[in-house]
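The structure under discussion appears below in the form of structure tokens.
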Amino acid sequence: MTTIRQRRVGKGTEAPEDQPSEETNVKPDEKILSDPTGGKLWNILSVIVGGIVAISLGLLTSVYVATLHENDLWFSNIKEVEREISFRTECGLYYSYYKQMIQAASIQQGLHGLVYDNKTESVRTINILERMNVYQEVFLSILYRILPIQQYLEPVYFYIYTLFGLQAVYVIALYVTSWLLSGTWLSGLLAACWYITNRVDTTRVEFTIPLRENWALPFFAVQIAAITYLLRTHLRPVQERLTLMAVFIATFLFSLTWQFNQFMMLIQALALFILDCLDMLPTAKVTWLYIIQISGLLLVCVLQFFNSMILGSLLISFNVSVLIARTIQKNLKKGGLLNRLGKLILHVLLVLCLTLLINKFIKKILNLESDEHIFKFLKAKFGFGATRDFDANLYLCEEAFGLLPLNTFSRLSSTLLFYAYGFVLFLLTVAAVIVAFRNLSGSNQVQLKEKMEEYTVTLKPDAAYSLVHTVLFGCLALSTMRMKYLWTSHMCVFASFGLCSTEVWKLILKGLHLYTSQRTQVIKYSIPIITLLYISFKFWPGIMDELSELREFYDPDTVELMNWIKSNTPNTAVFAGSMQLLAGVKLCTGRTLTNHPHYEDKNLRERTKQIYQIYAKRSPGDVYAILRSFGTDYVILEDSICYERRHSRGCRLRDLLDVANGHIMDGLGENEPDLKPSLYPRFCEEIKKNLPSYTMHFTRVFQNKTFHVYKLAKHK
1 MTTIRQRRVG KGTEAPEDQP SEETNVKPDE KILSDPTGGK LWNILSVIVG
51 GIVAISLGLL TSVYVATLHE NDLWFSNIKE VEREISFRTE CGLYYSYYKQ
101 MIQAASIQQG LHGLVYDNKT ESVRTINILE RMNVYQEVFL SILYRILPIQ
151 QYLEPVYFYI YTLFGLQAVY VIALYVTSWL LSGTWLSGLL AACWYITNRV
201 DTTRVEFTIP LRENWALPFF AVQIAAITYL LRTHLRPVQE RLTLMAVFIA
251 TFLFSLTWQF NQFMMLIQAL ALFILDCLDM LPTAKVTWLY IIQISGLLLV
301 CVLQFFNSMI LGSLLISFNV SVLIARTIQK NLKKGGLLNR LGKLILHVLL
351 VLCLTLLINK FIKKILNLES DEHIFKFLKA KFGFGATRDF DANLYLCEEA
401 FGLLPLNTFS RLSSTLLFYA YGFVLFLLTV AAVIVAFRNL SGSNQVQLKE
451 KMEEYTVTLK PDAAYSLVHT VLFGCLALST MRMKYLWTSH MCVFASFGLC
501 STEVWKLILK GLHLYTSQRT QVIKYSIPII TLLYISFKFW PGIMDELSEL
551 REFYDPDTVE LMNWIKSNTP NTAVFAGSMQ LLAGVKLCTG RTLTNHPHYE
601 DKNLRERTKQ IYQIYAKRSP GDVYAILRSF GTDYVILEDS ICYERRHSRG
651 CRLRDLLDVA NGHIMDGLGE NEPDLKPSLY PRFCEEIKKN LPSYTMHFTR
701 VFQNKTFHVY KLAKHK
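The sequence shown begins at 1 in the UniProt record's numbering and counts up by one.
Next comes the structure, spelled out in structure tokens:
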């Protein structure tokens, strides 16, 4: 098991808004700049300063996470095999393709090896570029080969520095989004500071570097920034076209780098749908965003050799359904309150039915089952499906796929982020409800606007989108902890925008009958500055202590295993074991695997369940037959799985296998009445006794405190 131990001594200002002010008439007490040239220069200076601050914070964040990674592992000092082992589970699998491309005799041979891969899954040839989102590894490896940097930078550093560099893009995008929403770069500064001080809950890049989300989320943040700008009113045609292009490029890169892109963009499409139905966004711009999502995903589908999982995605079915339903119901936004509510209910039902029908039709035509494990997991999670499904339970028993822990909120509150977020969320939700009711009831006629000008609640389209976006992704994070990083980063943007927003403070002060323009400006700047000072004084010492704490990578058992495999087994040997460990075996040794952690394939899921019978109560003959059917030469057993204590009874891997096989679980506790005792003892325990029934099939060739490797006999 990997541990991190203490290192031993002795080792070597405001941006100009394109949107017009909500105030159509200038009040007598408001000051007007007499010198337009001076005002313009001030705005330009403010943009320059704000831009410099954004870039500086982005670069500092990159250096910060890179330093934490180095300090935690002593990455520059450890051996190559230790560096590779530090890329755990699927991270190691993805990095192995980058290494494979680097080591190939030529780029063409490297690409051929990925398209016709027979080492990732034994006795099968698969197309890695179709099955996995690894174009980023391909691009980076080609870039490394053609750039004159080989003498100065090792391949692994080129890889990790690129990921850390993307963190700069991420922070800059969050900064710009907040700046666009509020109109002041002070908001962006606060958003970036919150992102950094809440690092535990906003990113995990420093210890899961190659994870797909670390590639994708920076592009998602850029896309949100571009959408925020697109939703401004009175954009010139050239600005709108350029912004749509930026949205498309960011959407395409986000889709290309993460297999779960379709589910994230489905939530985004739902946000657009809700706001469009409530007449809070321009319909033409929403239509363009639907089309961009579809076209970006289809382009990725082509690059991934027409990956059927993309074609059968709910996102494509939903967006097409919305566009069809719109053409059927042309007068959706006309009429009184009851009339419009009736039309909306019909519209929602029509879209829902069309989505299900189109998706069912596509999956039937393509015979698509790649994503069924996700829907099984969701049904089981919310109590709508059988709880004996092995794949569903494998997810349900992982903490990352459970509910968001309550201590997350205490950490977010310590930086004042959660308090500010709740405050802004409440105010804007109230404003959104009022605006939506006014839109649906048709009470926004010009006469009524003029009559209630001082008191009318407004919500700009970009702020409305940000509100619904944060609510929907908040629900996702609350239900599935692993997805919290999509919410917490936007939480920083949303909270900082609210504290620096003229509209938010104007709404509060008007409600308290204390509104003046000067008072609004004072509060708008003083509250964020006080918050920044509080964060700086409270967290700066802790960040400095964190940066000075030195540890080192320490996993001698896994290092010993990998070295033994490289030295004592043929290059063509096939290894079976846990998915997490086998990803490391492929990266460190290049040996062929029976299974791996990229779970988005039905055949692989069934294969993994069969391989995992090594931890079930099965006869040695059955296990041997299963392993040999996949061409296995060696099987690796892990004590940490066989005698697992990390999970409670019912969630240990051996328990999931017992239930799936219809066997009673080990230990004290209840069992379902139809479960039966197994006729055989647990394989991973019994094999260590060297009984004849086992030794005739398996010979132990390596062992240490953690791992036991057995060679399979080759019977005729």
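Glycine included, every Cβ here is placed at the ideal spot set by N, Cα and C.
With a contact defined as Cβ atoms closer than 8 Å, H598 and M280 miss out at about 40 Å. Setting aside the 5 residues that flank it on each side, S96 is surrounded in the same chain by K586 and L587, each with a C-beta closer than 7 Å to its C-beta; the list follows chain order. Approximately 14 Å separates the beta-carbon atoms of L712 and F702; this is outside 8 Å, ruling out the contact. Distance between Y534 and A420, taken at the CA atoms: about 13 Å. Around T202, the same chain offers Y195, T488 and S489 as residues with beta carbons nearer than 6 Å, after the five sequence neighbours per side are excluded. In this chain, A226 is not harboured by any beta strand (DSSP E); it is covered by the alpha helix (DSSP H) spanning R212 to L230. The secondary-structure analysis by DSSP pairs H708 across a beta bridge with L637 and Q703.
By the criterion of a C-beta distance shorter than 7 Å, S321 is surrounded in its chain by V351, L354, T355 and I358, once the five residues flanking it on both sides are discounted.
In the structure shown, the three-state DSSP call for H663 is strand. The alpha-carbon separation between S640 and T257 amounts to approximately 32 Å.
The beta carbon of Y680 lies closer than 7 Å to those of K617, R618 and S619 in the same chain, with the five residues before and after it left out. Residue nearest to A104 within the set V65, R145 and T125 is R145 (criterion: CA-CA distance).
Partner residues in a beta bridge of Y643, as assigned by DSSP, do not exist. By the criterion of a C-beta distance shorter than 6 Å, N704 is surrounded in its chain by D557 and E560, once the five residues flanking it on both sides are discounted. Taken through DSSP and simplified to helix, strand or coil, E206 comes out as coil. Taking 8 Å as the cut-off, the Cβ atoms of R646 and D655 do not count as close.
DSSP, reduced to helix, strand and coil, places Y116 outside both helices and strands of the structure shown, so it counts as coil.
Annotated three-state conformation of V574 is strand, per DSSP. In chain order, V659 place their CB closer than 8 Å to the CB of E672, counting only its own chain and leaving out the 5 sequence neighbours on each side. Residue pairing by DSSP places K676 opposite H663 in a beta bridge.
Nearest in C-alpha terms to L467, of all of K381, V65 and F423, is F423.
Check the Cα spacing between I227 and each of T695, T387, L346 and I292: the tightest is with I292.
Counted as a single uninterrupted DSSP element, the stretch harbouring E552 is not any alpha helix (DSSP H) but the beta strand (DSSP E) occupying residues R551 to Y554.
Per DSSP, the beta-bridge partners of I126 are D117. Q329: not part of any alpha helix (DSSP H); DSSP gives it neither H nor E. Put simply, the backbone Cα of K510 is about 15 Å away from that of L459.
Within the stretch 134-185, not a single complete beta strand (DSSP E) segment reaches 3 residues in length. Residue environment for T283: exposed (fewer than 16 other C-beta atoms within 10 angstroms of its C-beta).
Inclusion of R88 and Q580 in the CB contact set at 8 Å is warranted, their separation being smaller than that value.
L163 is a Cβ neighbour of V205, given a cutoff of 8 Å. In the DSSP assignment, L593 is bridged to F575. Under the three-pair Cβ rule at 8 Å, the stretch 287-307 counts as touching the stretch 250-264. Classified as exposed, W540 has fewer than 16 neighbouring CB atoms from the shown chains inside 10 Å of its CB.
Residue burial is scored here from C-beta neighbours: R241 has fewer than 16 other C-beta atoms within 10 angstroms and is therefore classed as exposed.
Scanning its chain for C-beta atoms nearer than 7 Å, with the 5 sequence neighbours on each side dropped, one finds around Q304 the residues L129, E130 and I310, in chain order. Shown here for A271: same chain residues with a beta carbon closer than 7 Å to its own, the five before and five after excluded, namely Y465, V468, H469 and L472 in chain order.
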